[in-house]
Structures are given as structure tokens and as C-alpha cells.
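Here the structure is laid out as C-alpha cells; the discussion comes afterwards.
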Amino acid sequence: MFKIVFLIIKLIWQNLIEIIFPCFCINCGKRNTLLCCNCYEQIEFFPFNFDASKQMNFIDEVIIVCKYRGVVKKLIHDFKYKSVIGIGDIIAKLIYRSVNIPECDFLVPIPIHKNKKSKRGFNQSEEMIKSLSKLTNIPYKNLLIKQKNTKSQMSIRTKEERKINLKDSFTINYKLLEEIGVNEVGKTVMLVDDVLTTGSTLDECAKILKANGIKKVIGLALAQR
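First residue of the sequence shown? That's 117 in this note's numbering, and the numbers climb one at a time after it.
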């Protein structure tokens, strides 16, 4: 009896939330979903893995899910700059359904500086990872800290300038590193980001991780620019 009453109350509450805060498709505006079936079908998936050793110094492998255009571009933009947190769940599901996630010990988000996080209210990479962690049952760890408030990589054109901009901007979370005992066995981690352009951010983060005992670093990005 109690369970039935609880389910009825839950259903009423969900309906009230939908009436007060209706949800619309990010791309076309259709009601009741953040991404409708028609817009989902417009996404240009091209999931692939490639050996990153020739293009990057510290990342071992990179996984890309789709192209950075159309619906995906709008999803990422609204996630970052319009604070639509629910998009993190959508992105995680897109990744989970489209690629085979390789075995790894932890998922690691690309950190943002505390000033940017305070202004935005969240780290989009971390929100994606929270959902992806639930889907894959792989724990996530905030192993990296952004210690320097750099210019946005989007505003920098060349790969060399991007590397300079990121130099010494990340550091390891030593307290967490000690808790997981990474130096005892050597771990494999997956760095997760929304967009891959030149790979400078992933590679700089991988450099810090490997300098602190991580054995293998896999990069995963929703889209490639």
C-alpha cells in the first residue's frame, strides 16, 4: 500500500515539475525532451579510435564519437554557456551508445579554473563524467587541478600557441593520488572532454598524469572540430 501511494505521489510531482518547468529540445524546440528523435538522427556519428603517439606526446589512444557541427555543436554550446545541466546526461548517453569504452581504472575530467567554475557554476567535463560513470560503472576521480586561469583555447588558432597557453596550467591532486595509491601498481585512466581540436589540452593533462605514476592515458572526446 505504501509503495503504491509513494508511486502516485512521485508521478504527480513529476507532472507538476513538467508543467512548471517544461523541457524542450535544445535544437528544434519540441516539447518533453532535451533532444528529440529527429534531431538525434541528424548527428553525424563517426566513432573511431586512433593511435595518438604520432600526434601527441603523452596520450596513448584517442576516441572520438561524432563531428562538431549542427546538433552536437548546439548541444555543447548550450551546455557550456547556457548552463543546461541536463545536456551532460545526453552527452554521456551518446558516448555510451556509440563507442566501446575500453577497460580503465578511472574516468578523469578535464578541470577548469576555480574562477571559471564559480562564474559558470559547474565544470561541463565533470558533469559529463558523472553520468558516464553511472552508465559504465567506472569510478571518476578529479585527479587534476587547473591552477592557472588561462585564455580560452577557442580563441587561439595555432597548435603551438595552444601549447604555450597551457604550459604549467595543470597540477595533480596529490591528496587524491595518495588515497588511490597510484604509484603502487600503475593505473590506466580515461581523460574525458567535450571537444577535441588540436589535442593540446588532453596531451598536457596526460603529461601531468604520467609524471605522477599513471601508466596509460586514453583520451575521449564527444566531438572533433
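Every residue gets a Cβ at the ideal spot worked out from N, C-alpha and C, and that includes glycine. Note that the structure is a prediction, hence the values are computed from the model and not measured.
Does the distance from the C-beta atom of Leu325 to that of Val188 stay below 8 Å?
As a first step, residue 325 is located in the sequence shown; it is residue number 209 there, counting from the start. As a first step, residue 188 is located in the sequence shown; it is residue number 72 there, counting from the start. No; because the gap between Cβ atoms is not below 8 Å, this pair is not in contact.
- Message: Taking only three categories from DSSP, how would you classify Thr314?
- Response: Along the sequence shown, one-based indexing puts residue 314 at 198. Reduced to three states, the DSSP call for Thr314 is coil.
Requested in this report: Output yes or no for whether 8 Å exceeds the beta carbon distance between Val224 and Leu259.
Outcome: Position 108 of the sequence shown holds residue 224. Position 143 of the sequence shown holds residue 259. Yes. Within cutoff.
Bridge partners of Thr287, per DSSP? Position 171 of the sequence shown, counted from the first residue, corresponds to residue 287. Per the DSSP secondary-structure output, Thr287 pairs in a beta bridge with Ile261.
Checklist line | Proximal residues to Leu293 (C-beta, below 7 Å), its chain only, five neighbours per side dropped | finding: Numbered from 1 along the sequence shown, position 177 holds the residue referred to as residue 293. Correct list, in chain order: Leu259 and Asn328.
Item to check | For Glu160 and Asn173, the rounded distance between their alpha carbons | outcome: For this step, residue 173 is matched to residue 57 along the sequence shown. For this step, residue 160 is matched to residue 44 along the sequence shown. Cα to Cα, Asn173 sits roughly 29 Å from Glu160.
Out of Glu219, Ile228, Leu151 and Ser234, point me to the one whose CA is closest to Gly202's CA. Position 86 of the sequence shown, counting from 1, holds the residue named residue 202. Checked all of Glu219, Ile228, Leu151 and Ser234; the closest Cα to Gly202 is Leu151.
What does DSSP give as the partner residue(s) for Gly335 in the beta ladder? For this step, residue 335 is matched to residue 219 along the sequence shown. In the DSSP output, where bridge partners are listed per residue, Gly335 has Val178 and Leu307.
Tell me the rounded alpha-carbon separation between Val215 and Asn265. Your numbering for residue 215 matches position 99 in the sequence shown. Your numbering for residue 265 matches position 149 in the sequence shown. Each residue's alpha carbon lies about 33 Å from the other.
If you draw a straight line from the C-alpha of Phe137 to the C-alpha of Ile245, how long is it? Within the sequence shown, numbered from 1, the residue matching residue 137 stands at position 21. Within the sequence shown, numbered from 1, the residue matching residue 245 stands at position 129. Since pLDDT at Phe137 reaches only 41, below the 50 mark, its modelled position is unreliable, and no value is offered.
Are the Cβ atoms of Asn148 and Cys155 separated by less than 8 Å?
Residue 148 sits at position 32 when you count from the first residue of the sequence shown. Residue 155 sits at position 39 when you count from the first residue of the sequence shown. No, the Cβ-Cβ distance between Asn148 and Cys155 is not below 8 Å.
### Task
Identify every residue that forms a DSSP beta bridge with Pro225.
Residue mapping note: residue 225 aligns to position 109 of the sequence shown, counting from 1. DSSP, once it has assigned bridges, lists Val308 as partnering Pro225.
Distance between Ser234 and Thr304 (C-alpha atoms, nearest Å):
Stepping through the sequence shown from its first residue, residue 304 is reached at position 188. Stepping through the sequence shown from its first residue, residue 234 is reached at position 118. CA-CA distance, Thr304 to Ser234, rounds to 30 Å.
* Asked: From Leu197 to Lys232, what does the alpha carbon distance come to, in whole angstroms?
  -> Taking the first residue of the sequence shown as 1, we reach residue 197 at position 81. Taking the first residue of the sequence shown as 1, we reach residue 232 at position 116. Before going on, a small fix: residue 197 reads as Tyr here, not Leu. Straight across, the Cα-Cα distance linking Tyr197 with Lys232 is about 11 Å.
At which residues does the alpha helix (DSSP H) containing Asn281 begin and terminate?
-> Sequence index remark: in the sequence shown, residue 281 carries index 165 (1-based). Note, Asn281: alpha helix (DSSP H), Lys275 to Leu282.
**Study point:** Residues near Ile334 in its chain [Cβ-Cβ closer than 8 Å; skip 5 each side]
**Key:** Within the sequence shown, numbered from 1, the residue matching residue 334 stands at position 218. For Ile334, where only same-chain residues beyond five positions count, the Cβ hits under 8 Å are Ile175, Asp176, Glu177, Val178, Ile179, Pro218, Cys220, Thr304, Val305, Met306 and Leu307.
- Message: Short of 7 Å in beta carbon distance, which residues of its chain neighbour Asp284, apart from the five on each side in sequence? Order them along the chain.
- Response: If you number the sequence shown from 1, residue 284 lands on position 168. Hits under 7 Å: Lys264.
(request) Over the uninterrupted alpha helix (DSSP H) stretch that includes Phe238, give me the two end residues. (result) Here residue 238 refers to the residue found at position 122 when the sequence shown is read from its first residue. Phe238: not part of any alpha helix (DSSP H); DSSP gives it neither H nor E.
* 7 Å CB neighbourhood of Gln171 in its chain, flanking five on each side removed -> Your numbering for residue 171 matches position 55 in the sequence shown. Residues Gly315 of the same chain have their beta carbon placed closer than 7 Å to that of Gln171, with the five preceding and five following residues left out of the count.
Practice prompt. Use the C-beta contact count for Arg278: other C-beta atoms within 10 angstroms, 16 or more gives buried, fewer gives exposed.
Written response: Your numbering for residue 278 matches position 162 in the sequence shown. With 16 or more neighbouring CB atoms inside 10 Å of its own CB, Arg278 falls in the buried class.
*If we call anything under 8 Å between Cβ atoms a contact, is Lys209 one with Ile142?*
Mapped onto the sequence shown, residue 209 falls at position 93. Mapped onto the sequence shown, residue 142 falls at position 26. No; because the gap between Cβ atoms is not below 8 Å, this pair is not in contact.
Applying the criterion that 16 or more other CB atoms from any shown protein chain within 10 Å of the CB defines a buried residue, is Phe162 buried or exposed?
Mapped onto the sequence shown, residue 162 falls at position 46. So Phe162 ends up on the exposed side.
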